[in-house]
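Participant: The opening position of the sequence shown corresponds to residue 193 in my numbering, with each subsequent residue numbered one higher. C-beta: ideal position from N, C-alpha, C; glycine also. Take a look at this one; I'll ask things after.
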Amino acid sequence: MAVLGIKHLAIAVSNVDEALAQYQRFLGVAADAKPRDLAQAGSREAHFFLGDVQIQLCQSYESDHRFARHIAQHGEGLHHACLSVDDIHDAVERSLASGARLKECKSCQVTGIHEHPEGWIAFLEGDSVPGMEIEYMQVYREGEMPERFKKPRQI
Ligand SMILES: [Zn+2]
């Protein structure tokens with residue numbers, strides 16, 4: 193298996209509207225980004241690209257939610273990195289064989305490999321490698337996206 197690159201970086205912030213405004217003001221990026229409420233995930237988020245890497249600024253609705261807990265423990269900052277891999281089964285097997293543990297996806301309440309809109313994903317517990325919590329993603333190739341994620345075609 194190979195890690196192909198960084199798909200996204202999720203940054204825990206306490207106020208996503210203010211955080212996005214600062215990224216726009218200080219860095220001149222994300223001009224078109226708008227914060228959105230993701231009810232299923234329990235968060236308000238703004239997503240934009242820096243080069244090929246998507247930045248996800250993430251604010252929890254509730255203080256007992258994952259981004260708020262991260263801020264309470266560590267302050268604002270990197271919550272997890274999503275690494276794109278060519279074979280997620282291989283990636284997970286290698287990590288588990290090396291002592292890593294799987295972590296529940298809080299949006300789906302699933303532990304282990306499962307379907308997301310962009311690809312198959314799995315979370316590892318935060319102490320698997322120093323410095324960042326890992327989400328693996330094997331992006332769907334042509335024809336692999338499950339039907340339920342396909343958007344009705346606009347005419
Ligand atoms: Zn999930």
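Helix, strand or coil for Arg-333, going by three-state DSSP, please let me know.
Facilitator: Coil, per DSSP.
Participant: Check each candidate in Glu-334, Asp-244, Asp-278 and Leu-316 and name the one with the smallest Cα separation from Met-193.
Facilitator: Considering only alpha carbons, the answer is Asp-278.
Participant: Out of His-262, Phe-240, Val-331 and Arg-293, which one is the CA nearest neighbour of Arg-228?
Facilitator: With distances taken between Cα atoms, Arg-228 lies closest to Phe-240.
Participant: With DSSP as the reference, identify every bridge partner of Ile-263, one or two as the case may be.
Facilitator: For Ile-263, which the question treats as bridged, DSSP gives no partner whatsoever.
Participant: State the start and end residues of the unbroken beta strand (DSSP E) segment that holds Val-205.
Facilitator: Where Val-205 is concerned, there is no enclosing beta strand (DSSP E), given that its DSSP letter is neither H nor E.
Participant: Since Ile-313 sits in a beta bridge, which residues does DSSP pair it with?
Facilitator: According to DSSP, which records beta bridges pairwise, Ile-313 is partnered with His-306 and Met-329.
Participant: Could you name the residues of the same chain whose beta carbon sits closer than 7 Å to that of Ala-211, not counting the 5 residues immediately before and after it, in chain order?
Facilitator: Around Ala-211: Val-205 and Leu-249.
Participant: Looking only at its own chain, which residues have a Cβ that is under 7 Å from the Cβ of Tyr-215, when we skip the five neighbours before and after it?
Facilitator: Counting only Cβ-Cβ distances below 7 Å, and skipping sequence neighbours, we find Val-221 and Ala-222.
Participant: Measure the alpha-carbon distance for Leu-219 versus Leu-242 and round it to whole angstroms.
Facilitator: The straight-line gap from Cα to Cα measures roughly 10 Å.
Participant: DSSP has His-200 in a bridge; who is on the other side?
Facilitator: In DSSP, His-200 forms a bridge with Gln-246 and Cys-274.
Participant: Less than 7 Å separating the Cβ of Ser-299 from some heavy atom of ligand 1?
Facilitator: Yes.
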